[in-house]
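Asks:
Chains as they are written, first to last, in this note's numbering: chain A, 7 to 306; chain B, 18 to 157.
1. Kindly give me the distance between the Cβ atoms of residue 142 (chain A) and residue 135 (chain B), rounded to whole angstroms, as I take these residues to be in contact under 8 angstroms.
2. Using CA coordinates, which residue listed in A:121, A:35 and A:235 is at the minimum distance from residue 130 (chain B)?
3. Find the residues of chain B that neighbour residue 35 (chain A), judging by a C-beta separation of less than 9 angstroms, and give them in chain order.
4. Listed in chain order, which residues of the segment 140-168 of chain A have Cβ atoms closer than 7 angstroms to some Cβ of chain B?
5. Quick check on DSSP: helix, strand or coil for residue 91 (chain B)?
6. Could you tell me the distance, in whole angstroms, from the CA atom of residue 116 (chain A) to the CA atom of residue 109 (chain A)?
7. Put residue 104 (chain B) into one of helix, strand or coil per three-state DSSP.
8. Residues bridged to residue 191 (chain A) by DSSP?
9. Tell me, which residues are paired with residue 83 (chain B) by DSSP?
10. In the DSSP output, what is residue 54 (chain B) paired with across the bridge?
11. Give me the DSSP bridge partner(s) of residue 171 (chain A).
12. Taking only the alpha-carbon atoms, compute the straight-line gap between residue 238 (chain A) and residue 214 (chain A) and give it to the nearest angstrom.
13. Step through the CB atoms of chain B and report whether any lies within less than 9 angstroms of the CB of residue 49 (chain A).
14. Counting only Cβ pairs nearer than 8 angstroms, list the residues of chain B close to residue 43 (chain A).
15. Would you mind working out which of A:79, A:284 and A:176 sits nearest residue 57 (chain A), comparing C-alpha positions?
16. Less than 9 angstroms between the beta carbons of residue 210 (chain A) and residue 224 (chain A), yes or no?
17. Out of curiosity, what's the CA-to-CA distance linking residue 150 (chain A) and residue 122 (chain A)?
18. Look at the alpha carbon of residue 42 (chain A) and the alpha carbon of residue 112 (chain B), and state the distance between them as a whole number of angstroms.
19. Could you list which residues in chain B have their beta carbon closer than 8 angstroms to that of residue 58 (chain A), in chain order?
20. Mind checking residue 287 (chain A): buried by the 16 CB within 10 Å criterion, or exposed?
21. Give the interface partners of residue 142 (chain B) over in chain A, defined as CB-CB distance under 9 angstroms, in chain order.
22. Measure the beta-carbon distance from residue 179 (chain A) to residue 195 (chain A) and round it to whole angstroms, keeping in mind my assumption that it falls under 8 angstroms.
23. What is the residue span of the alpha helix (DSSP H) that residue 147 (chain B) lies within?
24. Distance, Cα to Cα, residue 93 (chain B) vs residue 152 (chain B)?
25. Going by beta carbon distance, what residues of the same chain come within less than 6 angstroms of residue 259 (chain A), once the five residues before and after it are set aside?
26. Could you compute how far the alpha carbon of residue 301 (chain A) sits from the alpha carbon of residue 295 (chain A)?
27. With 16 as the cutoff for other CB atoms within 10 Å, does residue 250 (chain A) come out buried or exposed?
28. Run the CB neighbour count on residue 103 (chain A), radius 10 Å, all protein chains shown included, and call it buried at 16 or more, exposed below.
29. Let me know the secondary structure DSSP gives residue 129 (chain A) once reduced to three states.
30. Excluding five sequence neighbours on each side, which residues of the same chain lie with their C-beta closer than 7 angstroms to the C-beta of residue 139 (chain B)?
31. Got a sec: is the Cβ-Cβ distance from residue 38 (chain A) to anything in chain B below 9 angstroms?
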């Protein structure tokens, strides 16, 4: 009797644990099937798929499923679907709103992208970031230029021009210089976009010393074939200690040890030679050993 | 007391049997390829040979009594395997849907195969398919 009770108890336990596992497997299976069904809808005619996708977005489904639904929506190239997507981007909250905005960028539909302008204007910082990211994904430099032009404060302007820098929008960034004037964030954007031409121009222009120093260092970051010679010329031509220091920083950042060696060899000032030698050491230049050998030979 | 425990034991056994997943029965007759063709209401586009025919050739490979692979081609440029074990002939959309749905709903079949079946189910595009997808996505 006791044995039978033990067996029955064990059987109950096994059955319950198996059932629990099976239920968990069933739920996973169901989720996978739902995801597959949603993804399959990408091949369906939009008029068949849209009502189903809409229902998923309006339901209590998981965020993951809803995010996938937004992607499917973004891939339907119909006016209805794009209008729905813009509505989700405008009216949703949090992660789902950001995802809807991102999906507009991925979809690349011009009307939907245009709809992001109002969402940016009325959104908080997270929404504004998401809109800029969507424009980045869609490579819509004109829209970001518009935001930079209409920016109501320095922070907004700075974020927009940084994005233009990431997008490599030379033309728009140069246009902003004539419209909004020069600022630290704009020079930084020239650096991010790799606009060597504009940075060289600013580096040689001493009318705004702050901008000039920033441009000289930024030129070192951007690099390029002639950057070493440009910075050496600047160093030699300027009597301003700040400019000289910025030029050396630029050479350091650009790794132009050949140019620093040239300055060292042409210098007759011991203090300056010491500073240049220290810079070559910091740069890990092999030329340092030649200099030491020459100095030792001279001493002998 | 003893009788009650025996009844409980038997009840649990019945429950355990009922809980075991269903199997796909059409494809367990023999291992190898099964083939059928179906007219799809959906334009299959020019993805294959530029042929815009709506007829689709669907192949299911069965191994150890269950589907392990699904392929489908526009029937106009059929590139399916040559050795067909079971040719199911030309099926109606409803019959084709039923076969694919049998795979989708069989929990013993590999999930990748079930998902492939679901994709072809949606691609063939019957009203019933979209109702099924709607129900599936609305379920909790």
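Idealized CB from N, CA, C, for every residue including glycine.
Model, not experiment: these values are computed from the prediction.
Replies: On the basis of the coordinates in this document:
1. Actually they do not touch by this definition, with Cβ atoms about 34 angstroms apart.
2. A:35
3. 124, 128 and 131
4. none
5. strand
6. Distance between the alpha carbons of residue 116 (chain A) and residue 109 (chain A): 13 angstroms.
7. strand
8. Partner(s): none; residue 191 (chain A) has no beta bridge.
9. Its beta-bridge partners are B:80.
10. B:74 and B:107
11. Note: residue 171 (chain A) sits in no beta bridge, so no partner.
12. 20 angstroms
13. yes
14. 135, 139, 150, 153 and 154
15. A:79
16. Judged by their CB atoms, residue 210 (chain A) and residue 224 (chain A) are not nearer to each other than the 9 angstroms cut-off.
17. 11 angstroms
18. 22 angstroms
19. 147, 150, 151 and 154
20. exposed
21. 49, 50, 51 and 54
22. The pair is a contact, with the Cβ atoms about 5 angstroms apart (cut-off 8 angstroms).
23. 144-155
24. 33 angstroms
25. Taken in chain order, the residues that qualify are 226 and 227.
26. 10 angstroms
27. By the neighbour-count rule (16 or more Cβ atoms within 10 Å), residue 250 (chain A) is buried.
28. buried
29. coil
30. 146 and 150
31. yes
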